[in-house]
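Here the structure is laid out as structure tokens; the discussion comes afterwards.
There are 2 protein chains.
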Amino acid sequence: MPDTAPSPRTRARRLHEKAAYDRATIDAILDAMPVAHVGHVVDGFPVVTPTLQWREGDRIYWHGSSASRMQKRAADTQVCLTVTLTDGMVLARSGLEHSVNYRSVMVFGVAQVVEGAEAKTAHLRTMMEQLFPGRWNQLRPITAQELKATRILSLPLTEASAKISAGPPTDPPEDRDWPVWAGVLPIRLTMRTPEPAPDLAPGIALPAYASGYRIG
Amino acid sequence: MPDTAPSPRTRARRLHEKAAYDRATIDAILDAMPVAHVGHVVDGFPVVTPTLQWREGDRIYWHGSSASRMQKRAADTQVCLTVTLTDGMVLARSGLEHSVNYRSVMVFGVAQVVEGAEAKTAHLRTMMEQLFPGRWNQLRPITAQELKATRILSLPLTEASAKISAGPPTDPPEDRDWPVWAGVLPIRLTMRTPEPAPDLAPGIALPAYASGYRIG
């Protein structure tokens, strides 16, 4: 898994891991995985909480309760938002050449609060439309009180980087004939059959955005 | 997704999310998901990096390069290690009642460095045996140099808590007849067909610990 510094530990690690700073690579990872881990500093201590993120152009957004301590503390302070997709376990011929195939993005910056009911509504609509196109207009409209109770935070993608580890194990030549299985065990996020709410009114069909939803 | 404080934002959130502090719940989540996000404070700023964690009794462990800046900085300082499994997207009748079903554990504490070649080897063996039982003894043995280049960090599970969000959407009664599909889109981590290394020597069969590996 990534460090912010290149790791000289193993040759394999160097061959395997690739840092990327181009927006196409960064955006593709952010767009594939809504679940992020946000790091804050609270009284000098790190706190890492999972949250949903979404990207709008050159910024990422996440939201939570206005009453949440984490949300309050994140506002106008430096945060680190990290998104990781686990793609596979890499089994090499020696223990410390084992690794994980993954795609990860780290975004650093000062979290800004989105102000104003209109702006907040527009961002929530965008989030919903990116996840489930067409759903926003089908929903019971949000209320002023709900909106007030929701804080939306945002970061620019100016300080963002990706790290990708992919491909087979890269044992040094002298290890390659060691008589042990080597290769990759691929991991994917998959969707199971949707589960309608027990109190769903009869006659409401599963919408295409739900049956077609994919993650990862 | 979780906050460290109970969220008064929505009734649904309160019904949906459950904090747990019992070790059985915490251990089950840690044992199901090796990928963690570790938060450090670096020059006052939060940094969140993905890493592999494993549990041995009352402690969790992770490892990395001795040369890694993150590993060096984590040693003997306060860290937050968070493990999250994303179980489903919860589609409610109104936008802000939407949520995510997940299982998450946060562990806080001062990261301790494991010292001594023998202790380090024992922990690496345990990690491998937990992931792939029987594999350690099949591998090319680790070298003193590899061991020296590896730092193992550890945290006690004394300051650990779990948060679990599960079940169908819990819209308030007045929203339940809104004519929109509501329910859960379940998400699972699944394994695809193992990919043998291109340079795998002929005649080496896929071991049972590889074909039977599961995550999540």
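Residue numbers (my numbering), protein chains in the order written: chain A, 357 to 572; chain B, 357 to 572. Every residue, glycine too, gets a C-beta built ideally from N, C-alpha and C.
### Task
Could you have a look at B/E471 and say whether DSSP puts it in helix, strand or coil?
Under the three-state reduction of DSSP output, B/E471 falls in the coil class, being neither helix nor strand.
### Task
Whole angstroms is fine: what's the gap from A/V398's alpha carbon to B/S421's?
27 Å
### Query
Taking any Cβ of chain B, which residues in the region 508-542 of chain A have a Cβ under 7 Å from it, in chain order?
P524, P525, D531, R532, D533, W534, P535, V536, W537, A538, G539, V540, L541, P542
### Message
B/H393 and B/T438 - do their beta-carbons sit closer together than 9 Å?
### Response
yes
### Query
Where does B/G444 fall in DSSP's three states?
strand
#### Entry: Residue-chain proximity (A/V403, chain B), Cβ-Cβ < 9 Å
yes
### In DSSP terms, what A/V398 is bridged to
A/F401
#### Entry: Contiguous beta strand (DSSP E) assignments of at least 3 residues, all confined to the region 409-455 of chain A
415-421, 434-447
### Query
Taking the C-alpha atoms as reference points, what is the distance between A/V461 and A/G523?
18 Å
### Message
Please report the distance separating the alpha-carbon of B/A368 from that of B/R411.
### Response
For B/A368, the pLDDT reaches just 45, beneath the cut-off of 50, and the residue's location in the model is therefore unreliable, although a value from the coordinates is still provided. In a straight line, the C-alpha of B/A368 is about 33 Å away from that of B/R411.
### Query
Run through DSSP, which three-state label would A/P364 get?
Bear in mind that the predicted position of A/P364 carries a pLDDT of just 37, short of 50, making it unreliable; the figure below should be weighed with that in mind. Coil.
### Message
Assuming A/T381 is part of the alpha helix (DSSP H), what are its boundary residues?
### Response
Run containing A/T381: 379-388, per the alpha helix (DSSP H) assignment.
### Query
So, is A/K519 buried or exposed, given that buried needs 16 or more other C-beta atoms within 10 angstroms?
buried
### Query
Given B/T360, which residues of its chain have a CB within under 8 Å of its CB, disregarding the five upstream and five downstream residues?
The predicted position of B/T360 is uncertain, since its pLDDT is 44 and thus under 50; a value taken from the coordinates is nonetheless stated next. Closer than 8 Å at Cβ, skipping near neighbours: M462.
#### Entry: the region 480-493 of chain A: positions lying closer than 9 Å to chain B by Cβ
If you check each beta-carbon in the region 480-493 of chain A against every beta-carbon of chain B, the ones closer than 9 Å belong to L480, R481, M483, M484, L487, F488, R491, W492.
### Query
Cβ of A/D555 within 9 Å of Cβ of B/R532?
With contacts defined as CB atoms closer than 9 Å, A/D555 and B/R532 qualify as a contacting pair.
### Query
In whole angstroms, what separates the C-alpha of A/K374 from that of A/P529?
One C-alpha to the other measures close to 21 Å.
### Query
Do you know how far the Cα of A/L511 is from the Cα of A/G472?
17 Å
### Task
Buried or exposed for A/R570, please, with buried defined as at least 16 other CB atoms from any protein chain shown within 10 angstroms of its CB.
exposed
### Query
Is A/L509 helix, strand or coil when you go by DSSP?
strand
### Interfacial residues, the region 461-474 of chain B to chain A, with Cβ spacing under 9 Å
From the region 461-474 of chain B, only M462, F464 have a Cβ closer than 9 Å to chain A.
#### Entry: Residues, ordered as in the chain, of the region 449-460 of chain A that lie near chain B by beta-carbon distance below 7 Å
R449, S450, G451, L452, V456, Y458, S460
### Task
Compare the Cα-Cα distances from A/G400 to each of A/V435, A/D387, A/R379, A/P406 and report the closest residue.
A/V435
### Task
Pull up the distance between the alpha-carbon of A/F464 and that of B/N493, whole angstroms please.
Whole-angstrom Cα-Cα distance: 42 Å.
### Query
So, is the C-beta of B/A368 closer than 9 Å to a C-beta in chain A?
Residue confidence for B/A368 is low, a pLDDT of 45 falling below 50, so the modelled location carries little weight; the figure read from the coordinates is stated next. No, B/A368 does not count as interfacial toward chain A.
#### Entry: Chain-ordered neighbours of B/E373 on chain A, where CB pairs are closer than 8 Å
The contacting residues do not exist; B/E373 stays about 11 Å from chain A at best.
### Task
Closer than 7 Å by C-beta to B/L503: which residues in its own chain qualify, once you throw out the five before and the five after it? Chain order, please.
A473, K476, T477
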